[in-house]
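A.B. asks: With positions in the sequence shown counted from 1, the corresponding number in the numbering used here is that position plus 2.
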Amino acid sequence: VADEMQYWGEKLGVKDFHWEDLNPNLNRQRMIDLCNEILARKLKATWKFSAGSKGEIYDEPEIELMAKAGCVYISVSPESGSPKILKLMDKPFDHEKVIGLVKKMSDCGIATQACFVLGYPGENDVDRQMTREYLQRLTEAGLDETSLFIMTPIPGSEQSHNPDFM
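Rendered as structure tokens:
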């Protein structure tokens, strides 16, 4: 990745990179090594994770390093403020940790986005209210943007056979 950043920076003057990575923080050492390599090469570029990542895996020192290495934007994916809906999605998510990390990202100059899915089978007014309240807390912590998606089941998925959804 650092090679690509350096190449395109030198060849075409590219200074801002939007990364699409299935889970950029799944291998935390990879991210730490990449940040250190960007810093060692003194690359004068910014970069962003524009697709939702599993935000609660980050820690504060890693966020500081990412900011120092040029990270200016991270999208996280809470999906819902409702623990019930997250359980139905089979998605573990630490709401409280992400509140603190969004604050840290904001303090470090990293803009943040949170992605939510509405209309998941089994979701009700109470669940949507929990999502609104969580989104409010994220905003108070420094969240810059949000994206809301309507649940659309992929044909053949478990959700596509759910009579509550269809």
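Ideal placement from N, C-alpha and C gives every residue a C-beta, glycine not left out.
1) Let me confirm a value: I101 is counted as buried when at least 16 other C-beta atoms fall within 10 Å, else exposed. Which label applies?
2) E81 lies in the beta strand (DSSP E); which residues open and close that run?
3) Go ahead and pull the three-state DSSP assignment for V119.
4) Measure the C-alpha to C-alpha separation of I87 and K105 and round it to an integer number of angstroms.
5) Can you check which of these residues, S84, D92, S149, is closest to N126 by C-alpha distance?
6) Distance check for V16 and L41, CA to CA, integer angstroms please.
7) DSSP state of L145, grouped into three classes?
8) Would the region 129–146 count as touching the region 156–165 if we require 3 or more Cβ pairs under 8 Å?
9) Given a cut-off of 7 Å on the beta-carbon distance, is the pair D146 and A113 in contact?
C.D. replies: Result, derived from the coordinates:
1) Numbered from 1 along the sequence shown, position 99 holds the residue referred to as residue 101. Classification for I101: buried.
2) In the sequence shown, counting from the first residue as 1, residue 81 sits at position 79. Element bounds for E81: 73–81.
3) Against the sequence shown, residue 119 aligns to sequence position 117. Reduced to three states, the DSSP call for V119 is strand.
4) As a first step, residue 87 is located in the sequence shown; it is residue number 85 there, counting from the start. As a first step, residue 105 is located in the sequence shown; it is residue number 103 there, counting from the start. Whole-angstrom Cα-Cα distance: 25 Å.
5) Residue numbering aside, residue 126 sits at position 124 when the sequence shown is read from its first letter. Measuring from the Cα of N126, the nearest candidate turns out to be S84.
6) The residue given as residue 41 occupies position 39 in the sequence shown. The residue given as residue 16 occupies position 14 in the sequence shown. Taking the straight line joining both Cα atoms gives about 17 Å.
7) Against the sequence shown, residue 145 aligns to sequence position 143. Of the three classes helix, strand and coil, the one that applies to L145 here is coil, per DSSP.
8) Fewer than three pairs of CB atoms, one per stretch, sit closer than 8 Å, so the region 129–146 makes no contact with the region 156–165.
9) To locate residue 146, count along the sequence shown from 1; it is residue 144. To locate residue 113, count along the sequence shown from 1; it is residue 111. Cβ distance < 7 Å, so D146 and A113 count as in contact.
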